[in-house]
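For the sequence shown, the working numbering assigns the number 1 to the initial residue and increments by one for each residue that follows. Structure, as structure tokens:
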Amino acid sequence: MSASDMSGACSPPEPELTPLQLSVQKHAQNHLLTPVSGKVKSIDIDMAFRSGDLRTDRPKMVEFYRQGVAIDTLREDPSLYPQRLEVLQEAERAVLKLWMEAKKSDPLIQLHHTSPPKLSGLWTPRISRRSDLSPTPLALEAAQTLSNTPFQVNGELNDLFWEVRRQIPLGETEDTRFSQQEGFYPYRLRSMSLATEGEAFFVAMSVFCWALRMYAKSSGTLHPMFGLQCRAMLGLGYTVPIDHAHWRFFVSWCKRHFAKRQSMKDWCSSVLSDPTASLLAGVQGTGGADPYEYAACLEYARLERLPSRERRSSFMMELDTAGSGPMLIKLILGIAQNLAEIDVTAPGWIHPRDLLRNFILEVGVPFLSKLPKPVLLAILKAIFSPKTYGSGAGPVFDALVGQPGLRDGFTSSEDLIAMPAELRNQLCHGDPSIHSVYPKVKKMANLLSDAFNNCFPHLSKANADALELWKATPWQDRSIGGDLMMSPFRFKVDDANVEEAESPSDSKSGAWRVKSSYISPVTGESTNVSCTVDKGSCDTAGTSMLGRSLHRTDAEHRSLTVLHYKEMAVHGGDMYGIHDAGGCAIGEALTYIKADSQALIDMFPDACKKIGFTTSSRICN
1 MSASDMSGAC SPPEPELTPL QLSVQKHAQN HLLTPVSGKV KSIDIDMAFR
51 SGDLRTDRPK MVEFYRQGVA IDTLREDPSL YPQRLEVLQE AERAVLKLWM
101 EAKKSDPLIQ LHHTSPPKLS GLWTPRISRR SDLSPTPLAL EAAQTLSNTP
151 FQVNGELNDL FWEVRRQIPL GETEDTRFSQ QEGFYPYRLR SMSLATEGEA
201 FFVAMSVFCW ALRMYAKSSG TLHPMFGLQC RAMLGLGYTV PIDHAHWRFF
251 VSWCKRHFAK RQSMKDWCSS VLSDPTASLL AGVQGTGGAD PYEYAACLEY
301 ARLERLPSRE RRSSFMMELD TAGSGPMLIK LILGIAQNLA EIDVTAPGWI
351 HPRDLLRNFI LEVGVPFLSK LPKPVLLAIL KAIFSPKTYG SGAGPVFDAL
401 VGQPGLRDGF TSSEDLIAMP AELRNQLCHG DPSIHSVYPK VKKMANLLSD
451 AFNNCFPHLS KANADALELW KATPWQDRSI GGDLMMSPFR FKVDDANVEE
501 AESPSDSKSG AWRVKSSYIS PVTGESTNVS CTVDKGSCDT AGTSMLGRSL
551 HRTDAEHRSL TVLHYKEMAV HGGDMYGIHD AGGCAIGEAL TYIKADSQAL
601 IDMFPDACKK IGFTTSSRIC N
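Shown next as structure tokens:
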């Protein structure tokens, strides 16, 4: 322990605790410690001790437990709600104190398993930053099913990606020196992938967000959900045969996502003729291919040369739900009128982003109407999620500029460096003044935001209805499946019900210092301790209610899909999930589509029956 941490070794005895402090302490003990041993609960040993340094793990533990402790305190005594910031800060201090007093256990270093990990004990699933909540039985069953999926590293692709990383130019500043290299292939991924190369391994899906979306406990590296390079070089631990129907579907999938207007032969030639150059061009944004496209192209070329009866593959093709937010809202509200609004294979179906693009071209939004289709669609993709969930023009402005933090104005031409070049050239043509560009972008953001609202009026209505429900519901009843929509995580100064408590601020924006003292297990004396934690965020206006409700609905659909797929599949039934997308073997892709559709029918039987949506329909592409 450092000298600074020991500075309070001779401090006087702690004062008697107030009733509020006693209540917070009780709930902190319930959350953090086992009732018998007094040790930190085993479910968090992997998170807490990986670094081997208690000090570096303090913020992690405080941020994980504080909300659950604070919320349970407020649940027990709702009269404390006006003091919720004080409750939160007391929770932070109590967690820090108990964490430091808890006996340290041995570090857990196992992240990738040689057999399917059972989600119990050390690997009991938890909801991130909400220790007061538990996943539903459905979510737990789906998580265990995904944890049983064997993966295997493709050594050829692993070596190629590493070599390409070595050839990516270094950034000009210290902050950007390795940014492009890390973005393409994270350094720590190399040792992890080499350690598992040649053997099947499993990853525990033991982390959930508030909406019950599932995440891999893989330290952010070796799992398909952590990047295109992982999706490319991780295949199933076994091969699956590919019949004629699945081969045709795989070819159409490659054409739809990658080859587009090229012939398959030309696509293969452009990607595979010089793999390193193609991947480097993808990194630089000058054409070429990303790692997942390269892997798909390589697998297509390999399989295409084989007789049809010999085609087998471990490659996992990813199928993503098209416009899941607008689709789910229509089903929830029961306003879908025909199959083409939901089924991507129905005559007349148009992707929501294309609908918005057509609307923009029709009304003639300045500058945007003249952009090339790929550039405009990329902007629309960036705004679609925040606008679906009720945002204003702010995120639209960020998407147009290509980066956040510039809504108050531009100071130099460097502020426009991330803006699509085609849009930047239009805005700056004949007028080099950076200050004249800002009002143009501001106006364009407002027009694009209005265009979205007019193109999808049912989304605006759904957000308005959700907000009215929020306002009409007491805070303690604002819940979705037991998840409180209010969060005592951070409270704004303008919140009428609470005054911002004094808390030593840190130089880091959005952070503050938590100070406490604990009885040192080494010296037996009172010792001061502190750490810097993220204040987090709090939705005091209720604008996120629709989004969080939809994410919860989407997570339920994903869990049902996983379980249906396991039942229907002929060859193993193993897959991975990434929010509203799923990856499966080429030879089981049609099974996945059927399972995905069945899950939707389970959730919305009446709405699906009304428009004729069946297991032969499809919502992913």
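For each residue, glycine too, the CB sits at the ideal point set by N, CA and C.
Cα-Cα separation between residue i and residue j, rounded to whole angstroms
{"i": "A581", "j": "L33", "result": "37 Å"}
{"i": "T173", "j": "N158", "result": "28 Å"}
{"i": "V365", "j": "L138", "result": "45 Å"}
{"i": "L423", "j": "K387", "result": "21 Å"}
{"i": "F64", "j": "A91", "result": "11 Å"}
{"i": "V338", "j": "M327", "result": "The question names Val, but residue 338 in the sequence shown is Asn. So the alpha carbons of these two residues sit roughly 12 Å apart."}
{"i": "Q25", "j": "L160", "result": "53 Å"}
{"i": "E163", "j": "C620", "result": "34 Å"}
{"i": "P224", "j": "H113", "result": "16 Å"}
{"i": "D354", "j": "G547", "result": "22 Å"}
{"i": "P116", "j": "S273", "result": "39 Å"}
{"i": "S369", "j": "A393", "result": "18 Å"}
{"i": "S559", "j": "L140", "result": "9 Å"}
{"i": "R58", "j": "S516", "result": "12 Å"}
{"i": "G323", "j": "F384", "result": "9 Å"}
{"i": "S252", "j": "S391", "result": "35 Å"}
{"i": "S42", "j": "F367", "result": "Low confidence applies to S42: its pLDDT is 48, below 50, so where it sits in the model is not reliable, and the reading given next is rough at best. So the two alpha carbons sit approximately 56 Å from each other."}
{"i": "S269", "j": "A464", "result": "51 Å"}
{"i": "S503", "j": "S413", "result": "Annotation note: pLDDT 43 at S503 (below 50); position unreliable, coordinate value reported separately. Each residue's alpha carbon lies about 38 Å from the other."}
{"i": "L133", "j": "S597", "result": "29 Å"}
{"i": "F452", "j": "L356", "result": "7 Å"}
{"i": "T124", "j": "Y215", "result": "13 Å"}
{"i": "R513", "j": "A102", "result": "21 Å"}
{"i": "S23", "j": "W99", "result": "17 Å"}
{"i": "T286", "j": "T276", "result": "14 Å"}
{"i": "V271", "j": "A295", "result": "10 Å"}
{"i": "Q167", "j": "V375", "result": "28 Å"}
{"i": "M192", "j": "F202", "result": "13 Å"}
{"i": "A378", "j": "R407", "result": "20 Å"}
Extent of the continuous beta strand (DSSP E) to which residue i belongs
{"i": "R513", "result": "A511 to I519"}
{"i": "I578", "result": "M575 to I578"}
{"i": "T532", "result": "S526 to D534"}
{"i": "C418", "result": "A quick correction: the sequence has Ala, not Cys, at residue 418. From DSSP, A418 is part of no beta strand (DSSP E); its letter is neither H nor E."}
{"i": "G547", "result": "Not the beta strand (DSSP E): G547 falls in the alpha helix (DSSP H), residues M545 to M568."}
{"i": "A585", "result": "A581 to A585"}
Cross-strand partners of residue i (DSSP beta bridge)
{"i": "Q650", "result": "Limits of the chain in this structure are 1 at one end and 621 at the other, which puts residue 650 out of reach."}
{"i": "Y215", "result": "V207"}
{"i": "C620", "result": "T321"}
{"i": "R126", "result": "V207"}
{"i": "P241", "result": "R312"}
{"i": "F201", "result": "F151"}
{"i": "H112", "result": "V203"}
Span of the alpha helix (DSSP H) around residue i
{"i": "S460", "result": "P457 to A472"}
{"i": "A28", "result": "P19 to L32"}
{"i": "A142", "result": "P137 to S147"}
{"i": "G183", "result": "S179 to F184"}
{"i": "H571", "result": "First-last for H571: undefined, no H or E at that position."}
{"i": "M603", "result": "A589 to M603"}
{"i": "Y187", "result": "Y187 to T196"}
{"i": "W253", "result": "H244 to C254"}
{"i": "M100", "result": "R84 to E101"}
Test: residue i CB closer than 8 Å to a CB of chain C
{"i": "P59", "result": "As a matter of chain content, chain C is missing from the structure shown, which is built from one protein chain."}
Contact test: residue i Cβ vs the ligand SAM heavy atom, cutoff 7 Å
{"i": "A421", "result": "Of the ligands one can find in the structure shown there are none, so the ligand SAM has no counterpart to examine."}
Exercise for review: Go through the region 322–407 residue by residue and report every complete run of the alpha helix (DSSP H) that reaches 4 residues or more, in order.
Suggested key: 324–333, 352–363, 373–388 and 394–401
Review point. Counting Cβ pairs closer than 8 Å, one from the region 435–453 and one from the region 356–364, do we hit at least three?
Key: A contact is defined here as three or more CB-CB pairs under 8 Å, and the region 435–453 meets this definition with respect to the region 356–364.
Practice item. Scan the region 266–319 and note each continuous alpha helix (DSSP H) run of 4 residues or more that stays entirely inside, going in chain order. Key: 275–284 and 291–304
Check your understanding: Is it true that the region 584–598 meets the region 558–565, where meeting means three or more beta-carbon pairs spaced less than 8 Å apart?
Key -> yes
Point to revise | Validate contact between the region 334–347 and the region 592–611 using beta carbons, cut 8 Å, 3 pairs | key: yes
Review point. Are three or more beta carbon pairs between the region 245–260 and the region 142–155 nearer than 8 Å?
Key: A contact between stretches requires three or more CB pairs, one per stretch, nearer than 8 Å, and the region 245–260 fails this requirement with the region 142–155.
Practice item. Tell me, please, whether the region 233–242 touches the region 298–313 by the rule of three or more beta-carbon pairs shorter than 8 Å. Key: yes
Practice item. Kindly confirm or deny that the region 208–216 and the region 120–137 touch, where touching means at least three C-beta pairs closer than 8 Å. Key: yes
**Study point:** Validate contact between the region 521–535 and the region 183–194 using beta carbons, cut 8 Å, 3 pairs
**Key:** no
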